[in-house]
Amino acid sequence: KTSKSPKDEL
Amino acid sequence: MNIFRLAGDLTHLASVLVLLLKIHTIKSCAGISLKTQELYAIVFATRYLDLFTTYISLYNTLMKLIFLGSSFSIVWYIRKHKIVRRSYDKDQDTFRHYFIVLPCFVLALIIHEKFTVREVLWAFSLYLEAVAILPQLVLLQRTRNIDNLTGQYVFLLGAYRALYILNWIYRYFTEPHFVHWITWISGLVQTLLYADFFYYYFQSMKNNGKLQLPA
């Protein structure tokens, strides 16, 4: 899995 | 998306629905802080600017539109609706916006991921969301006798925040380099603000009684 930013959250 | 995140979003959605239910069907906003609702409208307006620039998923876009639409319509109802606005506790809801908005904005100017308009506004929206519940908590404290729907509304909001923390713990262990201090600390502060409310909420459930905060 790649690291994501919490900007995919609401 | 993990189960905590989904449950958190759905709880958030449920809180908004409970509030709309109260306003739309009972035509009352008694016990609801307009100040908090206006702060949430600002939070969503500044955080969801990326609606126009970044596409994440249909789910993400739809939820953003729902939270934007519902927060602005709730503010409209309390300010403008000819019946609903009469039930607004204006004299009790005295928290001043700029006491909250200004420090959050200054903090966002100092602490952000990048010094760009979008990043500063994004950090601002996180800081503001963390404390936006304060006027509502103050109002609860003042009204003391809290009706069921208002109690459920605040409880669901708090539960949504708690689930988001579980979501970050999960992501931290499953996604490499998932370290986001701005989000985490403001989220933790936000959740801690509910601690007192939670305590009395569970007490009232245990005693099968009405939710009542101490003076």
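Chains as they are written, first to last, in my numbering: chain D, 45 to 54; chain Z, 1213 to 1427.
Glycine included, every Cβ here is placed at the ideal spot set by N, Cα and C.
For Gln1364 of chain Z, name the three-state secondary structure that DSSP assigns. helix
Looking at Ser1283 of chain Z: is its Cβ nearer than 8 Å to the Cβ of Ala1253 of chain Z? yes
Residue range of the alpha helix (DSSP H) that His1309 of chain Z falls in? His1309 to Ile1322
Identify each residue in the stretch 1271-1288 of chain Z for which the Cβ-Cβ distance to at least one residue of chain D is less than 9 Å, and report them in chain order. Asn1272, Met1275, Lys1276 and Phe1279
Would you say Ile1345 of chain Z faces chain D, with C-beta separation under 8 Å as the test? no
Note down, in chain order, all residues in the stretch 1373-1407 of chain Z with a beta-carbon under 7 Å from any beta-carbon belonging to chain D. Thr1386, Glu1387, Pro1388, His1389, Phe1390, His1392 and Thr1395
Which bits of chain C does Ile1268 of chain Z rub up against, with CB to CB less than 9 Å? Any reference to chain C falls outside this structure, whose protein chains are D and Z.
Output the boundary residues of the alpha helix (DSSP H) element that contains Met1417 of chain Z. Ala1407 to Lys1418
Roughly how many angstroms lie between the CA atoms of Thr46 of chain D and His1392 of chain Z, to the nearest whole one? Since pLDDT at Thr46 of chain D reaches only 49, below the 50 mark, its modelled position is unreliable, and the value read off the structure follows with that caveat. Roughly 15 Å between the two C-alpha positions.
Cα separation between Leu1400 of chain Z and Trp1380 of chain Z? Whole-angstrom Cα-Cα distance: 11 Å.
With a threshold of 16 other CB atoms inside 10 Å of the CB of His1324 of chain Z, please say whether the residue is buried or exposed. buried
Rounded to the nearest angstrom, what separates Gly1281 of chain Z and Trp1288 of chain Z at their Cα positions? One C-alpha to the other measures close to 11 Å.
Rounded to a whole number of angstroms, what is the C-alpha to C-alpha distance between Leu54 of chain D and Lys1422 of chain Z? 32 Å
Environment of Pro1347 of chain Z [buried if 16+ CB atoms lie within 10 Å]: buried
By Cβ distance, which residues of its chain are closer than 8 Å to Tyr1384 of chain Z, with the 5 residues on each side in sequence left out? For Tyr1384 of chain Z, where only same-chain residues beyond five positions count, the Cβ hits under 8 Å are Phe1390 and Val1391.
For Ile1322 of chain Z versus Gly1243 of chain Z, is the C-beta spacing smaller than 8 Å? Not in contact: Ile1322 of chain Z and Gly1243 of chain Z (Cβ atoms no closer than 8 Å).
Residues sharing a beta bridge with Gln1424 of chain Z, DSSP: Z:Asn1357
Looking at the secondary structure, which residues open and close the alpha helix (DSSP H) in which Phe1216 of chain Z lies? Ile1215 to Thr1237
Report all residues from its chain with a CB closer than 8 Å to the CB of Val1296 of chain Z; omit the five preceding and five following residues, and keep chain order. Ile1235, Lys1239, Ser1240, Cys1241, Tyr1289 and Ile1290
So, at 7 Å on beta carbons, what are the nonlocal neighbours of Phe1336 of chain Z in its own chain, with the 5 sequence-adjacent residues on each side left out? Thr1258, Cys1316, Phe1317 and Ala1320
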